[in-house]
Amino acid sequence: MTQYNYTPADFKSDQEVRWCPGCGDHAILNAVQRALPEVADALDIPRRKFTFVSGIGCSSRFIYYMKTFGFHTIHGRANAVATGVKVANPDLSVWVATGDGDSLAIGGNHFIHAIRRNVDLNVILFNNEIYGLTKGQYSPTSKLGKITKTSPYGTVEKPFNPGELVIGAKGTFFARSVDMEVMLTKECLVEGAKHKGFSVTEVLQNCVIFNDKTHALFAGDKATRAEHTITLRHGQKMLFGKDNTKGLVLENMKLKVVTVGEDGYTIDDILTHDAREQDTTLHTMLAAMKYPECPVALGVIRSVAEPTVYDRAVEEQVGQVKAASKIRCVDDLLHSGETWTIE
Amino acid sequence: MDNKNLCEAQEVVIRFSGDSGDGMQLTGTLFSDTSALMGNGISTFPDYPAEIRAPQGTVAGVSGFQVHFGARKIDNPGDYCDVLVAMNPAALKANRKWLKKGATVIIDGDSLTEEHVKRAGFETLDPIAELGLEEYNVVIPDITTMTRNALAQTGLDNKSIVKCKNMFALGICFYLFNRPEDHAKSYLQSKFAKKNPAIAEANALAIDAGYNYAANTHQFANTYTVAPAPLEKGTYRTINGNVATAWGFCAASEKSGRPLFCGSYPITPATVILEELAKRKDLGVKTVQAEDEIAGICTAIGAAFAGDLAVTTTSGPGLSLKSEALGLAVMAELPLVVVDVQRGGPSTGLPTKTEQSDLMQALYGRNGECPAAVVAASSPSDCFHYAFTAAKIAMEHMTPVILLSDGFIANGSEAWRIPSMSEYPAIVPPVAESAPEGGFMPYARDEKLARSWAFPGKEGLEHRIGGLEKHALRGCISHDPDNHSRMVRMRAAKVAKIAEYIPRQEVFGDIEGELLVVGWGGTRGHLRSAVEKLRSEGKSVSHTQFNYINPLPTNTAEIFGRFRRIAVCELNEGQFAAYLRQQFPQFVFEQIDKCEGQPFTTAELCDKLNALLK
Chain W
1 MTQYNYTPAD
11 FKSDQEVRWC
21 PGCGDHAILN
31 AVQRALPEVA
41 DALDIPRRKF
51 TFVSGIGCSS
61 RFIYYMKTFG
71 FHTIHGRANA
81 VATGVKVANP
91 DLSVWVATGD
101 GDSLAIGGNH
111 FIHAIRRNVD
121 LNVILFNNEI
131 YGLTKGQYSP
141 TSKLGKITKT
151 SPYGTVEKPF
161 NPGELVIGAK
171 GTFFARSVDM
181 EVMLTKECLV
191 EGAKHKGFSV
201 TEVLQNCVIF
211 NDKTHALFAG
221 DKATRAEHTI
231 TLRHGQKMLF
241 GKDNTKGLVL
251 ENMKLKVVTV
261 GEDGYTIDDI
271 LTHDAREQDT
281 TLHTMLAAMK
291 YPECPVALGV
301 IRSVAEPTVY
311 DRAVEEQVGQ
321 VKAASKIRCV
331 DDLLHSGETW
341 TIE
Chain A
1 MDNKNLCEAQ
11 EVVIRFSGDS
21 GDGMQLTGTL
31 FSDTSALMGN
41 GISTFPDYPA
51 EIRAPQGTVA
61 GVSGFQVHFG
71 ARKIDNPGDY
81 CDVLVAMNPA
91 ALKANRKWLK
101 KGATVIIDGD
111 SLTEEHVKRA
121 GFETLDPIAE
131 LGLEEYNVVI
141 PDITTMTRNA
151 LAQTGLDNKS
161 IVKCKNMFAL
171 GICFYLFNRP
181 EDHAKSYLQS
191 KFAKKNPAIA
201 EANALAIDAG
211 YNYAANTHQF
221 ANTYTVAPAP
231 LEKGTYRTIN
241 GNVATAWGFC
251 AASEKSGRPL
261 FCGSYPITPA
271 TVILEELAKR
281 KDLGVKTVQA
291 EDEIAGICTA
301 IGAAFAGDLA
311 VTTTSGPGLS
321 LKSEALGLAV
331 MAELPLVVVD
341 VQRGGPSTGL
351 PTKTEQSDLM
361 QALYGRNGEC
371 PAAVVAASSP
381 SDCFHYAFTA
391 AKIAMEHMTP
401 VILLSDGFIA
411 NGSEAWRIPS
421 MSEYPAIVPP
431 VAESAPEGGF
441 MPYARDEKLA
451 RSWAFPGKEG
461 LEHRIGGLEK
471 HALRGCISHD
481 PDNHSRMVRM
491 RAAKVAKIAE
501 YIPRQEVFGD
511 IEGELLVVGW
521 GGTRGHLRSA
531 VEKLRSEGKS
541 VSHTQFNYIN
551 PLPTNTAEIF
561 GRFRRIAVCE
571 LNEGQFAAYL
581 RQQFPQFVFE
591 QIDKCEGQPF
601 TTAELCDKLN
611 ALLK
């Protein structure tokens, strides 16, 4: 294993960052530039192999700010383009920067099929519940009733919860963070990169201009986050709160918030997080938890091993067929089957 | 041989027709492959409905396969048939119009029941009389009954036995044209070897039974031989356009050293290219059957970015869906080949029928000033050459290329002299290996105006590109008005410059004269036959067929200037003629258009060209 000893600065391009002041995207960029040095050393990946692909939207400008190979594509298609990059060259570390509009609306089909195929991509899903670059229309994650320019009387459509969507499509890795939690985002991204298969890290991101404070009720500041979010870690008890005294239990097939030491609940009653459980039931319930009934789950919610990773499987099949075939070049191919000769 | 007359024929057209489940495509293919193996020139034309099993016994459900074989090189599948094999009255009715005067008609007597005759829409119970076939050599063997009798001992169930009746008909044709049975039998053997050897055996028996029936009956006065064609020396095979296209890309991959990637979504009539490439893992080909047409082209664009020879294959409606992504490939200046196997349109149109009506879409169907190279193949076997050439242009000029094929040449097959890969030119893409002094400029250009291809993984070449307007050198985002104007013109100039690297346009016949017949793409065989016929009658007619559509060959205007009149013949309402008018306003282009979902016939072309000459 080579130790590259990269620093975040090694991943900063010479382009001026043009997101609005106060936009959550700055923090995500910071987290990614901190994550890549760790990923490079952990997986022995030199910088020349990191490739970022994006679609359209504020989030998708991301690739210009990374000193890596980058491809800013068209609206919704980042996952499809990235699939092509990764299948063509599985040795690359391929990342997708995308938003709630890009991957869950116009690119919804490519998103679920990339999950289904389990292509080894690392998706950073910027979720600000709004279309920012087109100046404030509701997105597929906007809350029901949300008033925006295209919903002046409030939306009448229910939002997607990205976690439910990913896990529902049998996604093998799903994590969630908040833009301000740079270290947690970094941790999720490193875990996602180590995961062999499709990884989605949803980052709840604040759009300071068109959807300010959309996540603030549960994630506005450190104290609020302590009370209204729970950071899950594999093998650890599902505890949260200022003093880590609140926890999750499963009762009547439902998650319930309890306080350790009250109503007869002890620490032994609290669930232990198993991110590697194949069954999707509990992961779906955790991803679906909503404020104010429950804390919003952060951290790696699901990370399961799946033997078939698409890009590697394609490569292996090619290798097997090649090894067994009599056709080794185009001349062989052209002469295969019935031929006849005219003297 | 028996005591019947053995006659020599120069060329023959047979049309096999039946219900779409009757196995007519297989029957026709076995006959044409056998003829090709005997050294005949061949050309075939499958004509089948869009439904997999259309309502039985109806005219709409008739599937046909026409084989044209001869003692010379055959350019097209022929207009009218010498022999029609009809497995039911609907097939007879559907193909009546394709009979040559006095042709032999073989119809399964068992199918002439009141029920079948009515279902085919006849008004009387005597289809032969109703269709006016008295002057024809109509033979009515009870094919189903005889097949049943011949296979009675096989122990197969009735349904499986009756399915072999197409092979009985094939046996009759083998006898009539003195063809050996061994190719067909060995094909059947290998096809059913694993699944059900008894079926292979039964099919072989049915061929024998048909052959013996024809030998013993007195209804066929003559049998025919067709001498081998005096073809160029070499090793030959039969090939259809879709397989040739797939193989052409394999050849370009080998010559360029870039791995081949195909991202596609199934669509008639292009699917066989994806199917064939999926088989070619032996040559390292990677295929992705994408979730939709858009993902097909987008995965291909991703693979091109990563350094693969990337292709996506589709037909008209799919090209519509790919338009936006095609614009991205133009902007990112990545090599990509988009194959459009054209079919009848608009919308879903006529999925199994041929047309050339996507030309304008290929040339212009994108937002913005968005030039792409357009190349068209003109016969089943030359799909190989033009797929290779499209890939060569794409990689060496760093541009998307649209390769136009069509349902007619994609499904049709012909005998092909197998080229040696040593005859094919090298492909040298402008791959960047390391950053020059002063840093890597992704949009710096070579003498072809192509930028360099710097794929991920190469040290020091990290760069960012995308669909936003690019700075003319650095490739980063630029909203500068002058830069935009410069880039718009640069992209156009790059595509125009391809003209300096393609062959000059050729003329068949005299290089000057009264009438120049102009075609493009898949109509070459019919146009050539029509022009040959008119020339044999002493008329001043020449032919030129375009394969390079954008850019056009540099000597195009020079050729047009040498003829008094120019007739553009195409399977649409005049799209190429309109394009030529825009390019060459100094000439008058007359039009012969056909938009019926069918190829031209030589006869109708001769009539229309003669009318022009009057």
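Chains as they are written, first to last, in the numbering used here: chain W, 1 to 343; chain A, 1 to 614. From the three backbone atoms N, C-alpha and C, an ideal C-beta is built for every residue, glycine too. Keep in mind the model is a prediction, meaning the values are calculated, not measured.
The C-beta of Arg451 of chain A comes no closer than 8 Å to any C-beta of chain W. Under the Cβ criterion of 8 Å, Ser325 of chain W is counted among the residues facing chain A. Under the DSSP definition of a beta bridge, Ile74 of chain A lacks any partner. Between the alpha carbons of Lys194 of chain A and Ser186 of chain A lies a gap of roughly 13 Å. Taking a C-beta cut-off of 9 Å against chain W, the contacting residues of the stretch 285-312 of chain A are Val285, Lys286, Thr287, Val288, Ala290, Glu291, Asp292, Ile294, Ala295, Gly296, Ile297, Cys298, Thr299, Ala300, Ile301, Gly302, Ala303, Ala304, Phe305, Ala306, Gly307, Asp308 and Ala310, listed in chain order. Burial check for Gln545 of chain A: the Cβ neighbour count within 10 Å reaches 16 or more, so the residue is buried. Contact between the stretch 236-248 of chain A and the stretch 274-286 of chain A is present: three or more C-beta pairs spanning the two stretches fall below 8 Å. Here Arg489 of chain A is exposed, its C-beta having fewer than 16 other C-beta atoms within 10 Å. Selection A:Ser542, A:Val59, A:Asn137 and A:Gln153 evaluated against Ala120 of chain A yields A:Val59 as nearest (Cα-Cα).
Among the residues facing chain W, Thr235 of chain A is included, as its CB has a counterpart in that chain under 8 Å away. Checking the DSSP bridge columns, you'll see Val428 of chain A has no partner listed. Close partners of Asn5 of chain W in chain A (Cβ separation under 7 Å) are lacking, with about 17 Å as the shortest Cβ gap. Rounded to whole angstroms, the Cβ separation of Ile559 of chain A and Gln505 of chain A is 6 Å, and the two are in contact under 8 Å. Gly18 of chain A is positioned such that its CB atom lies no closer than 8 Å to that of Asn76 of chain A. Considering only beta carbons, the part of the stretch 431-465 of chain A lying closer than 8 Å to chain W consists of Phe455, Pro456, Gly457, Lys458, Glu459, Gly460, Leu461, Glu462, His463, Arg464 and Ile465, in chain order. Scanning the stretch 492-577 of chain A from its first residue to its last, the whole beta strand (DSSP E) runs of 3-plus residues come out as 513-520, 541-546, 548-550 and 563-570. The stretch 99-115 of chain W makes no contact with the stretch 318-332 of chain A; the number of CB pairs closer than 8 Å stays below 3.
Linking Ala454 of chain A to Arg61 of chain W through their CA atoms gives a straight-line distance of about 21 Å. Nearest in C-alpha terms to Cys294 of chain W, of all of W:Val53, W:Leu217, W:Lys222 and W:Met183, is W:Leu217. In this structure Val13 of chain A touches Tyr80 of chain A by the C-beta definition: roughly 7 Å separates them, less than 8 Å. Contact between Tyr211 of chain A and Tyr175 of chain A holds: their C-beta atoms lie close to 5 Å from each other, under 8 Å. Per DSSP, reduced to three states, the secondary structure at Asp212 of chain W is coil, with no helix or strand assignment.
The Cβ neighbour count for Leu43 of chain W, taken over all protein chains shown within 10 Å, is under 16; the residue is labelled exposed.
Spanning the alpha carbons of Thr217 of chain A and Pro141 of chain A requires a straight line of approximately 9 Å. Residue A:Leu403 holds the alpha-carbon nearest to the alpha-carbon of Gln356 of chain A among A:Leu403, A:Asp382, A:Leu334 and A:Gln10. With respect to Glu251 of chain W, Gly241 of chain W sits apart: the two C-beta atoms are not nearer than 8 Å. In the structure shown, Pro21 of chain W adopts coil according to DSSP, grouped into three states. For the C-beta of Lys281 of chain A, the chain W residues within less than 7 Å are, from N- to C-terminus, Gln317, Val318, Val321 and Lys322. Only buried fits Tyr424 of chain A, as 16 or more other CB atoms lie within 10 angstroms of its CB. Rounded to the nearest angstrom, the Cβ distance from Asn122 of chain W to Ser199 of chain W is 5 Å, consistent with a contact under 8 Å. Contact check for Thr231 of chain W and Leu184 of chain W: beta-carbon distance about 7 Å, within the 8 Å limit, so the pair qualifies. At least one C-beta of chain A is nearer than 8 Å to the C-beta of Ile342 of chain W.
The beta carbons of Ala251 of chain A and Val330 of chain W sit closer together than 8 Å. For Leu189 of chain W, no Cβ of chain A is located within less than 8 Å of the residue's own Cβ. Against Lys196 of chain W, chain A offers no close residue; the least beta-carbon distance is about 19 Å (beta-carbon pairs closer than 8 Å). Around the beta carbon of Tyr310 of chain W, 16 or more other beta carbons lie within 10 angstroms, which makes this residue buried.
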